[in-house]
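See below for the structure under consideration.
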Amino acid sequence: MNNINFLKPDKSNLNLFLILGLSLVFISIFDVFLSSFFKINATGFLPTSISFLLPLIIGFIGLHFIRIEYSGIRRLDEINKNFNNNNFNAVLSLLIIFIIIKSIPPVLSWTVIDANISGNSKEACTGDGACWTYIKVWLRRFIYGLYPNEEQWRINLSFISLLALGSVGYFATEKFKKYLTLYYVVIYPIIAFLFIFFFISGGPVFFDFSYGIIASVVAIIIGFFVPNKFKLYYFCFVPLAVYLSLNLFILPEEYVELGKLEGLNWVETGAWGGLALTFIVSFFCLIFCFPVGMALALGRRSELPFIKYTSVVFIEFWRGVPLITVLFMSSVMFPMFLPEDFFLDKLVRVIIAISLFEAAYVAEVIRGGLQALPRGQYDAAKSLGMGYWKMHIFVILPQALKLVIPGIANTFLALVKDTPLILVVGLLEIAGMLQMAKTNPKWLGYSMEGYVFAAVVFWIICYAMSKYSYNLEEKYKTER
Amino acid sequence: MSDTIIQIKDVNKWFGDFQVLKDINLNVEKNKKIVVCGPSGSGKSTLIRCINRLEEHQQGSIIVDGNELTEDTKNIEQIRAEVGMVFQQFNLFPHLSILDNCTLAPVWVKKMPKKDAEDLAMKHLEKVQIADQAHKFPGQLSGGQQQRCAIARALCMEPKIMLFDEPTSALDPEMIKEVLDAMVNLAKAGMTMIVVTHEMGFAKEVADEVIFMDEGMIVEKAATNEFFANPKSDRTKLFLSQIL
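Here the protein sequences come in this chain order: A and B.
Heads up, the first sequence is in the numbering used here, so the first residue is 377 and it goes up one at a time.
Heads up, the second sequence is in the numbering used here, so the first residue is 65 and it goes up one at a time.
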């Protein structure tokens, strides 16, 4: 038997130290566990201060015993290296473990054990925990805002269709892959806008079943038999020309229309809200701010002084003002500068304002990517006879954008989390609805539940976005 | 005169206060191979970068294939399409496969159908012996392979003139030979070439003329044999004694 030096644990008495150390650590954690989960104070017979500190002391001694260098056990070495490499870190590790154990029961009891979800009124909430009834009752409002209940299928339908149309990319065959960019950049936003405009907004839309429409549909069908060479021009001009000429010049008015269809009930944008509005605002702002930002980034690096300084002034202006003032300006000041009969919806103004604001940030992120590219890439593209646009579209931007995916994702996340600010101009998205719900006299005092709910919702959205950006990074990764 | 494809007359260029090119006069005839050598900082690279206007000269005139290089952009792009260039750092496009690197410019600049461009690219990749790597990305290739791909990429534009800016300086010694072999084959096929290089073996083998530059001036210009056998200026002698 070797001499045992308790102050310097070493490998020769490995097993002894291990058993001793691990059991001490276990005892200390078990003590905290008991007191936290079952409110049992196993060391209650000791003076309060000692009983409070005892787990820490026991655990500390235990960790000291198992701190054996090169023990030969891989796990133990890893633990020693990462959590237990000196006395100070051992104490920190213990404290963190204790805090986690201590905080589980209250969180659990508030969110689950003592919480209520049954019932439809405040009276159902009797426990000490969270009142999820509040969330349940207000859920429709949190998701759809003040949108009329019987019309909410329109929002659902729009979002589901847009989701389906958005996932086309995953199912596209090789043949259609090359059109995907065009689809996502141009066609998809237009479809999305039409959905929002006709479906969610509604209003008196006339569907025009006229001879003109029929004639132009016929013209389109004929178009498929036109030789390839002229197809593009044919499709660009002929159907539209046929429609316009029939409607405007040839047929007298009473023959033009075969029938009209009333549109859906109009719901003004002031009534939109909740999560749906968050999505709408974020979606359009993301779509608009990206191309604008890209143009600004290129503009700022342009050699033409006019374009360059316009971009610089624009970027620095939007980066220099707080978003909240931009929103105020867009909703209060901006309409004053417009002509009398010109009306722009508040939501549209807000979307434009946020887009321009974020575009300035996106521009600077993209400019960083452009500057990170070696000059040789520009030289090589130029030496092959590419002009400015070809060089940027095929060589520079694909590489630069790939470099700035993390930065862009950052900006976009910030954008999504900035959307609650539209509260100040009276548009109530999810955080705005919370604000409204918590001041409702029937439901006073449940702001905590509301904020937790909003936090979870935002976290899910943002986490999904950041995961997606990681995926993109993986997908476009090439070795340099 | 009719055979002259590049005509450089009294060209001067400054970077700020520093004069990089001083009164350069040079005529290059069709199918001639010119090697430019000289110590670093002597303006060799700047000179050949002026020929496709990656650098702008401030005085004098440069006429490439009958077109004078001026501010006019469209003109520049046409000339660049006829002048291939190979760089010291390869400068392949890392986000495109080898094949796409080669077809990008023919398809978008010369409006060649994609299929024809691919055939052409494969032909040139075959010539530089990396046809089997066509679907890899530049980052997966060795330096020598990358440089040969860069040569193929330039050739895909079917240029009249090829410029080489120290094509072997960034390579490991054992890779230099494969790149030089590709260049020798190109020279034998009758391409007009201007090569900035320190590879005197290559110069002896293919060059019609050798130009020695120092401090922005052309110090000596002579037929290859003459240049190596009895250099005239002392500066050239010193340079040759160090490099050979």
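Even glycine gets a Cβ: it sits at the ideal position worked out from N, Cα and C.
Everything numeric in this text was worked out from a predicted model, so none of it was measured.
Cβ of residue i within 8 Å of any chain A Cβ
| i | result |
| --- | --- |
| Q71(B) | no |
| E141(B) | yes |
| H159(B) | yes |
| I189(B) | Just to set this straight, residue 189(B) is Leu in the shown sequence, not Ile. Judged by the 8 Å Cβ criterion, L189(B) is not in contact with chain A. |
| R144(B) | yes |
| V84(B) | no |
| F228(B) | no |
| N289(B) | no |
Burial state of residue i (16 or more Cβ within 10 Å)
| i | result |
| --- | --- |
| G635(A) | Summary for G635(A): the model assigns pLDDT 48, below 50, so the residue's position carries little reliability, and this model does not support an answer. |
| H199(B) | exposed |
| K818(A) | exposed |
| N462(A) | exposed |
| V171(B) | buried |
| T167(B) | buried |
| M176(B) | buried |
| D74(B) | exposed |
| E273(B) | buried |
| V594(A) | exposed |
| D229(B) | buried |
| F682(A) | exposed |
| N458(A) | exposed |
| D755(A) | buried |
| D164(B) | buried |
DSSP bridge partner residues for residue i (one or two, in chain order)
| i | result |
| --- | --- |
| D164(B) | According to DSSP, D164(B) bridges with nothing at all. |
| S125(B) | K73(B) |
| A286(B) | V274(B) |
| I403(A) | None, per the DSSP bridge assignment. |
| K97(B) | M257(B) |
| F228(B) | V150(B) and V259(B) |
| C507(A) | N492(A) |
| M281(B) | D278(B) |
| L205(B) | Paired residues: none, contrary to the question. |
| N91(B) | Q71(B) |
| G650(A) | E805(A) |
Three-state class that DSSP yields for residue i in the structure shown
| i | result |
| --- | --- |
| F600(A) | coil |
| I258(B) | strand |
| F718(A) | coil |
| T68(B) | strand |
| N873(A) | This structure leaves residue 873(A) out entirely; chain A is present only between 377 and 856. |
| I493(A) | coil |
| I455(A) | helix |
| C838(A) | helix |
| M132(B) | Position check: residue 132(B) holds Glu in this sequence, whereas Met was assumed. Three-state DSSP puts E132(B) in a strand. |
| Q528(A) | helix |
| K86(B) | strand |
| E141(B) | helix |
| W78(B) | strand |
| L522(A) | coil |
| E805(A) | strand |
| V741(A) | helix |
| V513(A) | helix |
| L102(B) | Residue identity check: residue 102(B) is Gly in the sequence provided, not Leu. If DSSP states are grouped into helix, strand and coil, G102(B) belongs with coil. |
| S537(A) | helix |
| K387(A) | helix |
| Y609(A) | helix |
| T419(A) | coil |
Within-8 Å CB hit, residue i to chain B
| i | result |
| --- | --- |
| D407(A) | no |
| D794(A) | no |
| V780(A) | no |
| A756(A) | yes |
| K512(A) | no |
| L674(A) | no |
| S759(A) | yes |
| M762(A) | yes |
| P681(A) | no |
| P774(A) | yes |
Cβ-heavy atom distance, residue i to the ligand ADP, below 7 Å
| i | result |
| --- | --- |
| K605(A) | The ligand ADP is not part of the structure shown, which contains no ligands of any sort. |
Notebook entry, point to check: On the three-pair Cβ rule with 8 Å, is the region 181-193 of chain B touching the region 789-796 of chain A?
Noted result: no
Item checked: Three-pair Cβ contact test at 8 Å for the region 82-91 of chain B versus the region 710-730 of chain A -> no
So does the region 768-781 of chain A actually touch the region 247-258 of chain B, counting three or more Cβ pairs closer than 8 Å? no
> Does the region 705-716 of chain A come close enough to the region 755-772 of chain A to have 3 or more Cβ pairs within less than 8 Å?
Replying inline: no
* Please determine if the region 542-549 of chain A and the region 831-844 of chain A are in contact, where contact requires at least 3 C-beta pairs separated by less than 8 Å. => no
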